[in-house]
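Structure first, commentary second.
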């Protein structure tokens, strides 16, 4: 997932993506706790994807405030 792909989505779509990623992060955390994690590198990737989505949401929010002013 790249930030430029995320910038083309609406805020609603980004929030849905964020919820999906949070669920995946929870599932990976549970797998790690029980020792069933198949791909340990996936946890870091999901964290970075969450950060990307939150960054783009913040950019959109700042642009919206700037447009209103």
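Numbering (the numbering used here), first residue to last: 1 to 69.
Just so it is clear, CB atoms sit at the ideal spot from N, CA and C, and this is done for glycine as well.
Residue i in three-state terms, based on DSSP
i: residue 55; result: helix
i: residue 38; result: coil
i: residue 1; result: coil
i: residue 44; result: helix
i: residue 9; result: coil
Residue of the options minimising C-alpha distance to residue i
i: residue 17; options: 49, 66, 29 and 27; result: 49
i: residue 21; options: 11, 41 and 53; result: 53
i: residue 28; options: 57, 46, 56 and 3; result: 46
i: residue 14; options: 66, 33, 51 and 44; result: 51
i: residue 3; options: 68, 58, 65 and 66; result: 58
>> Taking 8 Å as the cut-off, does the segment 7-15 touch the segment 30-38 (at least 3 CB pairs, one atom from each stretch)?
In response: no
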